[in-house]
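Engineer: In the numbering used here, the protein residues as written are 245 to 531. Encoded as structure tokens, here's the structure I'll be asking about.
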Amino acid sequence: MGQTYALLLHGGAGVLAARSYDPERMHMRELAEAGKAMLESGKTALDVVTEIVRRLEASGLYVAGKGASPNQAGRYELDAAIMDGATQKAGAVAALTGFVSPVHAARAVMEKTRHVMLAGRGAERFAGLQELERVESVNDYYTPAAAPDTRDIATGTVGCVALDVSGRIAAATSTGGTLNKLEGRVGDSPILGAGCWADGHVAVSCTGQGEFFLRKATAKDVSARMAYGGQGLAEAAQGAIADIGTMGGEGGLIAVDARGNLAQPFNSPGMKRAAVYPDGRITVEVD
Ligand code: ASP
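In structure tokens form, the structure reads like this:
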């Protein structure tokens with residue numbers, strides 16, 4: 245029997261009934277196929293989630309990277325986090341401006357500093373020193389994927405979780421944040437344990453109304469339900485989202501455990517997502 249691998253990616257909670265998501269569906273299928281090929285070729289979960297999230301950011305189809313929306317001050321402040329389950333090493337950036345791939349900046353924080361998170365001007369300076377690709381012209385680069393007046397919450401944070409053939413799991417999340425956010429607002433996406441988490445049990449990436457995910461430490465909650473509560477992945481993931489719901493919050497998450505089980509619960513109107521199951525099957529869904 246070959247070694248197990250599995251992957252889930254998301255393009256954000258929430259879909260609008262009036263709009264076609266064919267471009268996102270096609271793009272997510274392409275990425276799921278690319279992720280599958282990378283995992284089959286023996287790439288690490290950490291490298292795969294980095295690359296898939298980088299491509300989600302670069303597409304302009306989601307509220308992350310190129311598709312991010314400006315905050316109320318007209319500035320693009322982006323958040324991202326990455327975490328390796330095997331080592332629990334992690335990196336994150338918050339309110340980063342001026343760089344094409346926030347997830348690459350997060351990965352650099354993890355690998356090149358003794359810190360876990362850098363924010364604002366310090367994050368920008370650090371990313372510059374790492375010679376990460378800059379956004380040349382803000383006006384030409386960003387193509388906001390969601391109009392600020394459609395909803396108060398963003399509908400396009402991106403994320404990826406993966407299990408590689410060596411049994412390692414990893415998670416990454418990247419976002420432009422909620423639409424109409426205040427300058428300096430940081431959501432759950434770059435906060436380890438809230439919007440992104442990976443340990444020996446499970447890797448999780450969340451999307452939705454970040455304030456609720458922050459208050460419930462949702463990503464870590466999934467792990468805690470498994471580790472301390474003895475729950476299986478499906479029950480743990482569903483329970484964490486139900487908990488958000490009881491507070492009035494909306495969103496979803498993707499999660500993979502160390503055995504290759506996948507969970508993708510949400511209580512929002514849809515969640516853009518694609519899965520690669522251990523038998524190689526790929527599914528793409530938006531509602
Ligand atoms: N959770 C993200 C945030 O609050 C938004 C989203 O998932 O769409 O920044």
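By construction, the Cβ of each residue, glycine as well, lies at the ideal position given by its N, Cα and C atoms. Values in this document were obtained by computation on a predicted structure and should not be read as measured data.
Below 8 Å on the Cβ atoms is my guess for Leu-458 versus Ile-435; work out the distance and round it to an integer in Å.
Structural biologist: 6 Å
Engineer: Hey, Ala-416 and Ser-449 are a contact pair by Cβ (cut 8 Å); roughly how many whole angstroms apart?
Structural biologist: 7 Å
Engineer: Given a cut-off of 8 Å on the beta-carbon distance, is the pair Arg-351 and Gly-335 in contact?
Structural biologist: Yes, the pair counts as a contact, with Cβ atoms nearer than the cut-off.
Engineer: Does the pairing of the segment 300 to 316 with the segment 355 to 366 give three or more beta-carbon distances under 8 Å?
Structural biologist: no
Engineer: For the ligand ASP, any of its heavy atoms closer than 7 Å to the Cβ of Thr-451?
Structural biologist: Yes - the ligand ASP has a heavy atom lying nearer than 7 Å to the Cβ of Thr-451.
Engineer: Among Met-327, Phe-510 and Glu-277, which one has its Cα closest to the Cα of Val-530?
Structural biologist: Here the closest residue by C-alpha is Phe-510.
Engineer: Roughly how many whole angstroms lie between the Cα atoms of Leu-305 and Gly-428?
Structural biologist: 24 Å
Engineer: Compare the Cα-Cα distances from Ser-418 to each of Ala-339, Ala-502, Gly-258 and Gly-286 and report the closest residue.
Structural biologist: Ala-339
Engineer: Does the beta-carbon of Ala-398 have 16 or more other beta-carbons within 10 angstroms, so that it is buried, or is it exposed?
Structural biologist: With a pLDDT of 45 at Ala-398, under the threshold of 50, the modelled position of this residue cannot be trusted; read the value that follows with caution. Classification for Ala-398: buried.
Engineer: So what does Lys-516 bridge to, in DSSP terms?
Structural biologist: Gly-256
Engineer: Let me make sure I understand the geometry here. Which of Gln-482, Tyr-265 and Gly-437 has the alpha-carbon closest to that of Arg-517?
Structural biologist: Tyr-265
Engineer: For Leu-376 and Ala-471, I'd like the C-alpha separation in whole angstroms.
Structural biologist: Straight-line Cα distance between these residues: approximately 37 Å.
Engineer: Could you check the C-alpha separation between Ala-250 and Val-360 for me, to the nearest Å?
Structural biologist: 26 Å
Engineer: Would the segment 498 to 505 count as touching the segment 474 to 483 if we require 3 or more Cβ pairs under 8 Å?
Structural biologist: yes
Engineer: Could I get the ranges of all uninterrupted beta strand (DSSP E) runs contained in the segment 287 to 363, with 3 residues as the minimum, in chain order?
Structural biologist: 322 to 328, 334 to 340 and 361 to 363
Engineer: Buried or exposed: Leu-252, going by 16 or more other Cβ atoms within 10 Å of its Cβ?
Structural biologist: buried
Engineer: Let me confirm a value: Asp-396 is counted as buried when at least 16 other C-beta atoms fall within 10 Å, else exposed. Which label applies?
Structural biologist: Residue placement at Asp-396 cannot be trusted, given a pLDDT of 49 that sits under 50; what the coordinates show is reported in the next sentence. When all chains shown are included, Asp-396 counts as exposed.
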